[in-house]
Structure formats: structure tokens, C-alpha cells
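Below: the structure, in C-alpha cells.
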Amino acid sequence: MKRLITACLAAVALLATGACGDGMSKDETTASANVAKVFAGPTPSAERKSVASCFGDTLVDEAGIDQLKADKVLDDDLKASSRVPQKLSERTAEAYGDGLVSCFDFAKLKKDIAKDSGASAAQVDAYVDCLDGISDADLKQSIVDQYTKGGKTQLAERVEATTKKCGKLLGT
Numbered sequence: 429m430k431r432l433i434t435a436c437l438a439a440v441a442l443l444a445t446g447a448c449g450d451g452m453s454k455d456e457t458t459a460s461a462n463v464a465k466v467f468a469g470p471t472p473s474a475e476r477k478s479v480a481s482c483f484g485d486t487l488v489d490e491a492g493i494d495q496l497k498a499d500k501v502l503d504d505d506l507k508a509s510s511r512v513p514q515k516l517s518e519r520t521a522e523a524y525g526d527g528l529v530s531c532f533d534f535a536k537l538k539k540d541i542a543k544d545s546g547a548s549a550a551q552v553d554a555y556v557d558c559l560d561g562i563s564d565a566d567l568k569q570s571i572v573d574q575y576t577k578g579g580k581t582q583l584a585e586r587v588e589a590t591t592k593k594c595g596k597l598l599g600t
């Protein structure tokens, strides 16, 4: 549950991808797979794996391996950090926001949300509807602000407050 809420605070309400791994080098494919593995968690559903794969592809495609290494998202062996560093470059923060906004669809993850939270179907529906009320543009910019400005913007604070309010709908 905590992992899900953390993912929600770091991101939220997202759509579909443009970078599906086509044309990636061997290193990019490895880096993307490693990011996806960490993002998906230890026992992911097929839906969560799909979201994580899309996210990994987008992050690697947009930020690039060198920048992800510089930001300590990847190490020299292309292994992904288990935690997103608190401070990221603008390029990586933008890619992170794009990946979350374009890949994450809470409606497709309702079973995961219910399993992780123990919430009822009605609570999960209310939660997803609440998160869907956050615009993609606001979500992305709040992610960029969080990782480049420490989240100290009115928009980032507003999005965080909304995600916390949504989390309460799960009974947490």
C-alpha cells in the first residue's frame, strides 16, 4: 500500500506510450528492463508489468542512459536504483513525468490497487476517479517541480494535497 501511495505522490493519473522499445540499443533495452523491474515491484500483475515496461522505455528514451547515470537513477552496470533520487536534472525529471503521465492508467490497475490497499471496489473506483481529476499537465509539472525544485511550488503542493485526499478514499 505504501509503495502504491508513494507512486501516486510521485506521479499519478496517466495514459499511453510513444516509446515501446523499438530501435533501442542493447544497453538501452537493458536499462529500460532494469527500470521496469524496479518500478513494477516484486510480484507485479500483467497490468503493472505493462505500465512499468512503458515507463522504463519512456524514461530511457527521453533522458538517455548517460543522464540517468549522472542523476544516479542507473549505475554503471545499468542497474536501476530502488529509490528515485530526491534531486534530478530537468531532463530526467521531464522524462520521469512524461513516463508517468503517458504510461500509468489507474483504471487498468484497479485490481492491484484493491489488493495492495485492501479497499473495496467502490473505494477503489472513488480513488481512481479522484486521481483522474488531476490534469496530466499539472501532474507532469508537479513531478518536474518535485525533483528539480524540491516540490516547493504551489502546483506541486496542490497536486500532493489532492493525491493525499484521494488516498483517504481507500480508507487509509
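The sequence shown begins at 429 in the working numbering and counts up one residue at a time. The C-beta atom is built at its ideal place from N, Cα and C for all residues, glycine as well.
Counterpart residues of alanine 508 in DSSP-defined beta bridges: Leu502
Presumed contact (8 Å Cβ cut-off) between glutamate 475 and leucine 537, rounded CB distance: Contact check for glutamate 475 and leucine 537: beta-carbon distance about 6 Å, within the 8 Å limit, so the pair qualifies.
In its own chain, which residues sit with a C-beta less than 6 Å from the C-beta of aspartate 540, not counting the 5 before and 5 after it? Ser473 and Arg476
Where the alpha helix (DSSP H) containing glycine 525 begins and where it ends: 518-531
In angstroms, rounded to a whole number, what distance separates the CA positions of alanine 459 and alanine 565? 27 Å
What separation, rounded to the nearest whole angstrom, lies between the Cα atoms of isoleucine 562 and threonine 590? 8 Å
If I follow the unbroken alpha helix (DSSP H) through leucine 583, where does it start and stop? Leucine 583 -> alpha helix (DSSP H) spans 582-596.
First and last residue of the alpha helix (DSSP H) that includes isoleucine 541? 538-545
C-beta atoms of serine 530 and valine 466 nearer than 8 Å: In this structure, valine 466 does not lie closer than 8 Å to serine 530 by Cβ.
Span of the alpha helix (DSSP H) around serine 571: The question names serine, yet the displayed sequence has isoleucine at residue 571. Element bounds for isoleucine 571: 564-577.
Would DSSP call threonine 471 helix, strand or coil? coil
How would you call glutamate 518, buried or exposed, if buried means at least 16 neighbouring beta carbons within 10 angstroms? With fewer than 16 other beta carbons inside 10 angstroms of its own, glutamate 518 counts as exposed.
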